[in-house]
Amino acid sequence: MSEGSGSPETDHLRREMAEYLRRVAERDRDAFDALYDLASGKLFGIALRIVGDAAAAEDVTQESFVKIWQRANDYSTELGSPLAWMGTIARNTAIDWYRKHNKGETTSDAVLENAADTGALADDWLESVQESARIKHCIGKLGEDQKSLILDAFFAGFTYLQLATRKGIPLNTVKSRVRRGLKNLRKCLDDE
12 MSEGSGSPET
22 DHLRREMAEY
32 LRRVAERDRD
42 AFDALYDLAS
52 GKLFGIALRI
62 VGDAAAAEDV
72 TQESFVKIWQ
82 RANDYSTELG
92 SPLAWMGTIA
102 RNTAIDWYRK
112 HNKGETTSDA
122 VLENAADTGA
132 LADDWLESVQ
142 ESARIKHCIG
152 KLGEDQKSLI
162 LDAFFAGFTY
172 LQLATRKGIP
182 LNTVKSRVRR
192 GLKNLRKCLD
202 DE
């Protein structure tokens with residue numbers, strides 16, 4: 012896909028990521044934090060598909076970002092989209108990790124080298140980043156009691172019963188706060 016052939020939002024995010032990489036090359040830590048926020052989910056997904064373990068994928072993702080920090084001055088738009096360039100670093104780091112930690116496995120290097128990235132296309136992923144930002148904004152507008160319950164239930168995976176026990180509140184209160192929070196979240200997203 013050529014530069015500029017996506018939606019205006021996708022093109023904007025691509026340019027934003029390229030600018031962050033340029034600033035990271037100048038050792039701008041704020042730009043690095045912003046780049047991490049935008050790309051860490053995708054890079055984690057790439058690592059997870061290759062190494063097959065969430066804890067190892069987190070380590071690979073962190074190592075990938077160290078390499079991105081060290082090599083940011085190597086990036087150029089001629090190399091492709093910023094996300095594709097960073098994805099290649101994550102993929103190679105994950106393959107290296109896999110080889111190091113799975114010496115007895117039967118998966119050949121040729122299979123790993125040719126492993127396709129079955130994740131979303133970069134443009135689709137960039138659009139999902141924008142949607143994630145909207146959701147994050149709307150969650151931030153919720154009251155603290157609703158926000159913490161929704162985050163714990165839907166992002167940390169706790170059941171309502173676990174939340175009631177952890178927070179020391181009745182189960183029906185948890186359910187009603189989550190229900191009201193989701194209603195407020197839906198209204199905010201519809202208004203955006």
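Taking our numbering, the leading residue of the sequence shown gets 12, the next gets one more, and so forth. For glycine and all other residues, C-beta sits at the position ideal for the given N, C-alpha and C.
Item, Value
"Is ARG183 helix, strand or coil by DSSP?", "According to the sequence as given, residue 183 is Asn; it is not Arg. Helix at ASN183."
"Using alpha carbons as the reference points, say which of ASP163, ARG191, ALA164 and PRO181 lies closest to LEU153.", "ARG191"
"Apart from the five residues just before and just after ALA29, which ones in its own chain have a Cβ nearer than 7 Å to its Cβ?", "THR88 and PRO93"
"If I'm right that PHE55 touches TRP80 with Cβ under 8 Å, what's the distance once you round it to whole angstroms?", "Not really, about 17 Å apart at Cβ, beyond 8 Å."
"Determine the DSSP secondary structure at LEU200, reduced to helix, strand or coil.", "helix"
"Under 8 Å, do LEU182 and LEU172 count as touching if we go by C-beta distance?", "yes"
"Within 10 Å of its beta-carbon, does THR104 have 16 or more other beta-carbons around it, so buried, or fewer, so exposed?", "buried"
"Along the chain, where does the alpha helix (DSSP H) containing THR176 start, and where does it finish?", "171-178"
"Using a threshold of 8 Å, state whether the C-beta atoms of ALA175 and VAL185 are closer than that.", "yes"
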